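> Start counting the sequence shown at 16; every next residue gets the next number (the numbering used here). Here's a structure for you.
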Amino acid sequence: MTHTSSLAHGRSYLAIPGPSVMPDAVLRAMHRAAPNIYAGELVEMMPGLTADLKRVARTKHHVAMYTGNGHAAWEASLANVIAPGDKVLVPATGRFGIGWGETARCQGAEVETIDFGKRSPMDMDRIAETLRADKAHEIKAVLAVHVDTSTSIRNDIVALRATLDDVGHPALLMADCIASLGCDIFEMDAWGVDVMVTGCQKGLMVPPGMSFVFFNDKAEAARARLPRVSWYWDWSPRAHAEEFFQYHGGTAPTHHLYGLRTALDMIHDEGVEQVWQRHAVLARAIWAACEGWSTSGSFAMNVADAAHRSNAVTSLRLQSPNATALRDWVEGQLGLTLGIGLGMAPPGDPSWHGFFRLGHMGHVNGQMVMGMLGGIEAGLRALKIDHGGGALEAAAEVIAGG
Ligand SMILES: *Cc1c(COP(=O)(O)O)cnc(C)c1O
Numbered sequence: 016m017t018h019t020s021s022l023a024h025g026r027s028y029l030a031i032p033g034p035s036v037m038p039d040a041v042l043r044a045m046h047r048a049a050p051n052i053y054a055g056e057l058v059e060m061m062p063g064l065t066a067d068l069k070r071v072a073r074t075k076h077h078v079a080m081y082t083g084n085g086h087a088a089w090e091a092s093l094a095n096v097i098a099p100g101d102k103v104l105v106p107a108t109g110r111f112g113i114g115w116g117e118t119a120r121c122q123g124a125e126v127e128t129i130d131f132g133k134r135s136p137m138d139m140d141r142i143a144e145t146l147r148a149d150k151a152h153e154i155k156a157v158l159a160v161h162v163d164t165s166t167s168i169r170n171d172i173v174a175l176r177a178t179l180d181d182v183g184h185p186a187l188l189m190a191d192c193i194a195s196l197g198c199d200i201f202e203m204d205a206w207g208v209d210v211m212v213t214g215c216q217k218g219l220m221v222p223p224g225m226s227f228v229f230f231n232d233k234a235e236a237a238r239a240r241l242p243r244v245s246w247y248w249d250w251s252p253r254a255h256a257e258e259f260f261q262y263h264g265g266t267a268p269t270h271h272l273y274g275l276r277t278a279l280d281m282i283h284d285e286g287v288e289q290v291w292q293r294h295a296v297l298a299r300a301i302w303a304a305c306e307g308w309s310t311s312g313s314f315a316m317n318v319a320d321a322a323h324r325s326n327a328v329t330s331l332r333l334q335s336p337n338a339t340a341l342r343d344w345v346e347g348q349l350g351l352t353l354g355i356g357l358g359m360a361p362p363g364d365p366s367w368h369g370f371f372r373l374g375h376m377g378h379v380n381g382q383m384v385m386g387m388l389g390g391i392e393a394g395l396r397a398l399k400i401d402h403g404g405g406a407l408e409a410a411a412e413v414i415a416g417g
């Protein structure tokens, strides 16, 4: 039996890899009159806010806040440690790695890129070879994306630190955790990361508009070496956010700060380790379903080895009928929005339609994931897309087993 009316009326679900689902509590916290930015509640809130942000990043060092998105944090991080003419190494595993490198190039850096393609993680042997060849230590920083949101590859930052140490190379280890923070395990200090950038609209569950650069004392020493640092991007005054927004830095992103306060309360009430665990179980359920669908037809996971997959985002391939048809169907018929493929096909090439992504970062739970997977199953059936069976049973089995 067919039905022509849409089943989309009801609460919709935006399952794209950022912006992520915004908790009602975060939105409620933001729905208020403009606060005084010079004294009172907002100013008094700042020291606790930065402390709680650092607890998510697992660092005792410094954090600078920016009114800007992840691209702003890319630029800010580089502005503090890279002088024009300095060399940076970009081990890229997708479009976001390439993007951070492009940002560095536009800031005057000489960028050496090792492109590991779109389906495999960084190869530490190749990185070691490049670092070893740099006898004069011209490479000042390695720009590593923890989870590349285009390919959904998760890179081993611990192994990258070990590679730098084995070679004895002093370059800063800089990590982009914009997709992964609060989703995949990340320990800035224990892993020896010198600079980490993240945004507020993915695992941190706040509407887009704020980003953060975390840095340790080694990175601070690299900043001190620069002949000059951009007034706006300078992280030093911003590392004292309560003063920065009062005296140096212009108007604070007031409502984002309230939203962030609530989001951090939610994360710490649940516990950072529990948050990671929830993401891990939900990701395994999603992979179980995707592996089931992949046993027939053209459905395939972009990352074959589960060890290199992220708990925040899953990149998928579906050629015929293509992923765009499936995305359109689940959005129009079910109120479920899936992510477009990003960076997987040349710009303008119609093969772009053969890719899509699932965002499972932040405010996501078991019923949402089962609903998303059930929606995809319905779409595959409605569009008569050849696919393997048992996907939902496999996902339910993971959820049932916790
Ligand atoms: C989303 C994302 C970015 C870009 O962040 P914007 O807020 O869109 O500028 C960069 N890197 C990664 C890994 C991301 O997931």
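All residues carry an ideal CB built from backbone N, CA and C; glycine is no exception. These numbers come from a predicted model, not from an experiment.
1. When we look at the beta-carbon of C192 and count the other beta-carbons within 10 Å, is it buried (16 or more) or exposed?
2. Can you tell me where the alpha helix (DSSP H) holding G307 begins and where it ends?
3. Rounded to whole angstroms, what is the Cα-Cα separation between P136 and R169?
4. Which class does K69 belong to by DSSP, given the choice of helix, strand or coil?
5. Note down, one range per segment and in chain order, each alpha helix (DSSP H) of at least 4 residues found wholly within the segment 211-252.
6. So, with DSSP's three-state summary, where would you put D39?
7. Ignoring anything shorter than 3 residues or poking outside the segment 360-385, list the beta strand (DSSP E) runs there in chain order.
8. Just to confirm, does A327 get its C-beta within under 6 Å of one of the non-hydrogen atoms of ligand 1?
9. Report the option in I31, H294, A94 whose CA atom is closest to the CA atom of G197.
10. For A30, does the three-state DSSP call read helix, strand or coil?
11. Using a threshold of 6 Å, is the CB atom of H86 nearer than that to any non-hydrogen atom of ligand 1?
12. Our contact map puts V208 next to I172 with C-beta atoms below 8 Å; I'd like the distance itself, whole angstroms only.
13. Between which two residues does the beta strand (DSSP E) containing V103 stretch?
14. If you compare alpha carbons, which of F314, R299, T277 is closest to I400?
15. Would you mind giving the Cβ-Cβ distance between P50 and G374, rounded to the nearest angstrom? I have them listed as a contact below 8 Å.
16. Straight-line CA distance for D199 to L68?
17. Under the assumption that G109 contacts V160 (Cβ atoms under 8 Å), give the Cβ distance between them as a whole number of angstroms.
18. For R372, count neighbouring Cβ atoms within 10 angstroms of its own Cβ and tell me buried if that reaches 16, exposed if not.
19. On the CB-based measure, 16 or more other CB atoms within 10 Å of its CB, does P268 come out buried or exposed?
20. By a C-beta neighbour count over all protein chains shown, 10 Å radius and 16 as the cutoff for buried, is R276 buried or exposed?
21. Using 8 Å for Cβ pairs, my map puts M316 next to A30. What's the rounded Cβ distance?
22. Using only the alpha-carbon positions, how far apart do L331 and D249 sit?
23. Taking buried to mean at least 16 other C-beta atoms within 10 Å of its own C-beta, is G112 buried or exposed?
24. Rounding to the nearest angstrom, what Cα-Cα distance links M16 and Q348 in this structure?
25. Can you round the beta-carbon distance between A322 and V162 to whole angstroms, since I take them to be within the 8 Å contact cut?
26. Do V228 and A432 come within 7 Å of each other at the CB atom, strictly closer than that value?
The short version:
1. Classification for C192: buried.
2. The continuous alpha helix (DSSP H) containing G307 extends over residues 287-308.
3. Roughly 7 Å separates the two Cα atoms.
4. Looking at K69 - three-state DSSP - the assignment turns out to be helix.
5. As far as the segment 211-252 is concerned, its whole alpha helix (DSSP H) runs of at least 4 residues are 232-240.
6. The answer is helix: DSSP assigns D39 an H, G or I state.
7. Correct list: 370-374.
8. For ligand 1, not one heavy atom lies less than 6 Å from the Cβ of A327.
9. Comparing Cα-Cα distances from G197 to each of I31, H294, A94, the minimum goes to H294.
10. A30 carries a strand assignment under DSSP once its states are collapsed to helix, strand and coil.
11. Checking the Cβ of H86 against ligand 1 gives yes.
12. In this structure V208 is in contact with I172, their Cβ atoms being roughly 6 Å apart against a cut-off of 8 Å.
13. Segment 102-107, the beta strand (DSSP E) holding V103.
14. Comparing C-alpha distances from I400 to each of F314, R299, T277 shows the shortest one belongs to F314.
15. 31 Å between Cβ atoms; not a contact.
16. D199 and L68 have their C-alpha atoms roughly 16 Å apart.
17. G109 to V160, Cβ: 7 Å. Contact.
18. Answer is buried; the Cβ neighbour count reaches 16.
19. Classification of P268: buried, given that the 10 Å Cβ count is 16 or more.
20. By the 10 Å Cβ count, R276 comes out buried.
21. The C-beta distance from M316 to A30 rounds to 16 Å, too long to meet the 8 Å contact threshold.
22. In this structure, the CA atom of L331 is about 39 Å from the CA atom of D249.
23. So G112 counts as buried.
24. Any reading at M16 must be qualified, since the residue scores a pLDDT of 48, below 50, and its modelled position is unreliable; no value is offered.
25. The C-beta distance from A322 to V162 rounds to 13 Å, too long to fall under 8 Å, and the pair is not in contact.
26. Outside the modelled stretch of the chain, which goes from 16 to 417, sits residue 432, for which no answer is possible.
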